[in-house]
Amino acid sequence: MDRRGKGEKRWDKWRPTVSMFQHDDLLIDRLDLLFDNHSQRLADQVKEDIARVSPETEVVFHTLNFSDPWDFETVYSDLLDFARGYNFKPNKEKYLTHITTGTHVAQICLYLLTEAGYLPGQLLQTSPPRSDRNDRKGSAEYQIIDLDLSKYDQIASRFKREHKEGTSYLKGGIETRNDKFNRMIAQLEKVSIRSNEPILITGPTGAGKSQLAQRVFELRKQRGKLNGNLVTVNCATLRGENAMSALFGHKKGAFTGATHDRPGLLREAHNGLLFLDEVGELGLDEQAMLLRAVEDKRFIPFGADKEVSSDFQLIAGTNRDLLLRVREGLFREDLLARIDLWTYKLPSLSERPEDLEANIDFELESFSRKIGHLVKFNRAAREKYLSFSQSSRAVWTANFRDLNASITRMGTLSEGGRINSSLVDEEVERLNSKWQTYLHNTQTQTPAPSTTVAGVLGQKACDEMDCYDQLKLAGLINICRSSSSMAEAGRTLFNISRGQKKSSNDSHRVKQLLDKYNLSFQDLVSD
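The sequence shown begins at 2 in the numbering used here and counts up by one.
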């Protein structure tokens, strides 16, 4: 339709590409023009004509050859590869996808890619003037179409495949069978594409929180939802001034050793994604600044007197009960409310026995790729290991870390890339021994109340106390020993009543309790 000859009469004909630049209210800074290698001359002419009517527009050529321009799978695949390879900058540029030219197949594929977010923009459709469509002279018309899924329920099935690909990607390509887990991932796929709000991922150690955050980032980047970096922070490693400096940056001279300005991790995550693992370990001061940064996208670096900005999406991970931390006065309630919009709890591996077979295969494939040759179970060994992994004896205390280590050990010791029953027996014995030790240590971590009291007051004093009094005193002693100050111990002990007082002196209340037994806080924490 753009091929109207080289003479001046071509200007009397409607040409869909050139017509985009003949409207005073449609200003286009750059045109990315896709064509095959048989259309170079036409592309050159179109570029020349655009320069005449809109000299400020840059025209960029992209050669794209379809092996069969009428085959949906071929055209969609080639256009999808182009979209994934294009450096979109949605925070700086606005995009229009022109769907008037090309085959009907290409137009439909461009529509689908725009709707799915691979082409992050709106549709542009041009047409000849309504008053004179027969000879197609005069000024062209155009229409910008803002796609909204809610208006197109009848075609929603077209995107089922993309949704399935997205959920499979978030699961690492593992065909999981646990219904609850699959429903959670299906919703997370939609949230990852449609929402910029914070996401909270909870679950036990080793359940895969970091890996899931990485996949959410990569999925969002594929769909053109962000163009920044993924910045991962383990909050358990941040303490004191180092926490402030690492997260929010600092100015030169802000503290001893600050010999130069530091931008901070929040600024490094600008236009990207910030993953704060173990967010429950952050101090209260850092939590307050993080809340401001999440809500207003602004914060003050340590030692600075001016605010800076960073537009990032937050994913927070934790194996803690944050609501309990709030009650203990160790986590800000307002921050929890802000990051608790989308919360996903990853189940432990032992809670998903039906998914163990697929994850065992995944770990084996990963190990094989790592060492460069194929490693597999023989039939009897596979059945034995799978039976054990799904039994009540397999507690998987470290979840996927346990499974990964187990496969690595057996794969390394295997001869000729075959894991036999003897290796499985050895591994089962090793895992059972490890887990029994772990469970024993967990069960004996907190001593009996009488043992705790006797260790502080002596056995005679303990024998003269009621069991009820021993329980109260043992609880007081354990909380003091796990707290860094009497104030912290008081916030834990009086988490409800302290909020009902006009002014609370937590340290004084703890001291009064200890005085009843002639004990001091310092004596307990130095034991």
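The beta-carbon is built from N, C-alpha and C at its ideal position, and this holds for glycine as well.
First and last residue of the uninterrupted beta strand (DSSP E) at residue i
| i | result |
| --- | --- |
| Tyr143 | Glu142 to Ile146 |
| Ser369 | It is not in any beta strand (DSSP E) - Ser369 instead sits in the alpha helix (DSSP H) that spans Leu357 to Ile372. |
| Asp33 | Arg31 to Phe36 |
| Leu98 | Note on residue identity: the sequence assigns Thr, not Leu, to residue 98. Its beta strand (DSSP E) spans residues Leu97 to His99. |
| Tyr112 | Taken as a continuous stretch (DSSP letters only), Tyr112 belongs to no beta strand (DSSP E), being part of the alpha helix (DSSP H) at His105 to Glu116. |
| Phe332 | Element bounds for Phe332: n/a, residue is neither H nor E. |
| Tyr119 | Where Tyr119 is concerned, there is no enclosing beta strand (DSSP E), given that its DSSP letter is neither H nor E. |
| Thr344 | Trp343 to Lys346 |
| Leu124 | Gln123 to Ser128 |
| Glu59 | Glu59 to Thr64 |
Beta-carbon separation (whole angstroms), residue i vs residue j, contact threshold 8 Å
| i | j | result |
| --- | --- | --- |
| Gln126 | Ile109 | The Cβ separation is near 13 Å, so there is no contact. |
| Lys253 | Ala305 | Going by Cβ atoms, the distance from Lys253 to Ala305 rounds to 10 Å, so no, they are not a contact pair. |
| Ala406 | Gly207 | The Cβ separation is near 10 Å, so there is no contact. |
| Leu277 | Arg333 | Actually they do not touch by this definition, with Cβ atoms about 14 Å apart. |
| Leu477 | Leu432 | Actually they are not in contact, since the Cβ atoms of Leu477 and Leu432 sit about 39 Å apart, beyond 8 Å. |
| Val280 | Thr319 | 5 Å |
| Asp507 | Arg492 | 6 Å |
| Glu198 | Leu342 | 5 Å |
| Ile202 | Lys191 | At roughly 16 Å, the Cβ-Cβ gap does not stay under 8 Å, so Ile202 and Lys191 are not in contact. |
| Val429 | Ala382 | Actually they are not in contact, since the Cβ atoms of Val429 and Ala382 sit about 11 Å apart, beyond 8 Å. |
Cβ pair residue i, residue j closer than 8 Å
| i | j | result |
| --- | --- | --- |
| Ser422 | Lys385 | yes |
| Asp356 | Arg178 | yes |
| Leu213 | Ser193 | no |
| Thr64 | Arg31 | no |
| Ala359 | Ile175 | yes |
| His271 | Phe313 | yes |
| Gly265 | Pro302 | yes |
| Leu291 | Leu283 | yes |
| Thr18 | Asp37 | no |
| Gly250 | Arg216 | no |
| Pro533 | Ala475 | Outside the shown range of the chain, which is 2 to 528, sits residue 533, and nothing can be said about it. |
| Leu27 | Tyr77 | no |
| Glu308 | Arg339 | no |
| Ile529 | Ser393 | This structure gives no information on residue 529, because the portion of the chain shown stretches from 2 to 528. |
| Leu315 | Val327 | no |
| Thr104 | Trp71 | yes |
| Asp146 | Leu111 | Just to set this straight, residue 146 is Ile in the shown sequence, not Asp. Against a cut-off of 8 Å, the Cβ pair of Leu111 and Ile146 comes out as no contact. |
| Trp397 | Leu350 | yes |
| Ala107 | Ser20 | no |
| Ile480 | Leu494 | yes |
| Phe89 | Asp79 | no |
Counted within 10 angstroms of its Cβ, other Cβ atoms place residue i as buried (16 or more) or exposed
| i | result |
| --- | --- |
| Gln46 | buried |
| Lys226 | buried |
| Glu287 | buried |
| Val61 | exposed |
| Pro129 | buried |
| Tyr119 | buried |
| Cys468 | exposed |
| Glu427 | exposed |
| Arg224 | buried |
| Ser311 | buried |
| Leu171 | buried |
| Gln471 | buried |
| Glu116 | buried |
| Gly229 | buried |
| Pro121 | buried |
| Thr583 | This structure leaves residue 583 out entirely; the chain is present only between 2 and 528. |
| Arg131 | exposed |
| Ala237 | exposed |
| Arg16 | buried |
| Gly204 | buried |
| Asp335 | exposed |
| Ser434 | exposed |
Short CB-CB distance (under 8 Å) between residue i and chain B
| i | result |
| --- | --- |
| Asp3 | No chain B appears in the structure shown, which is made up of a single protein chain. |
Unbroken alpha helix (DSSP H) run spanning residue i, endpoints
| i | result |
| --- | --- |
| Arg1 | Because the chain spans 2 through 528 in this model, residue 1 falls outside it and cannot be assessed. |
| Ser388 | Arg380 to Ser390 |
| Glu74 | Phe73 to Gly86 |
| Ser508 | Asp507 to Asp516 |
| Ser20 | Pro17 to Ser20 |
| Ser193 | Asp180 to Arg195 |
| Phe522 | Phe522 to Val526 |
| Gly476 | Cys468 to Arg482 |
| Leu28 | That residue, Leu28, is in no alpha helix (DSSP H); it is neither H nor E in DSSP. |
| Gly491 | Met487 to Leu494 |
(request) List in chain order: all unbroken alpha helix (DSSP H) runs of 4+ residues lying wholly within the segment 197-260. (result) 210-223 and 241-249
(message) Please give the ranges of any alpha helix (DSSP H) in the segment 402-465, keeping only runs that are unbroken, at least 4 residues long and fully inside the region.
(response) 422-444, 450-458 and 460-464
(request) Report the residue ranges of all alpha helix (DSSP H) runs contained in full by the segment 267-315; include only those spanning at least 4 residues, in chain order. (result) 285-297
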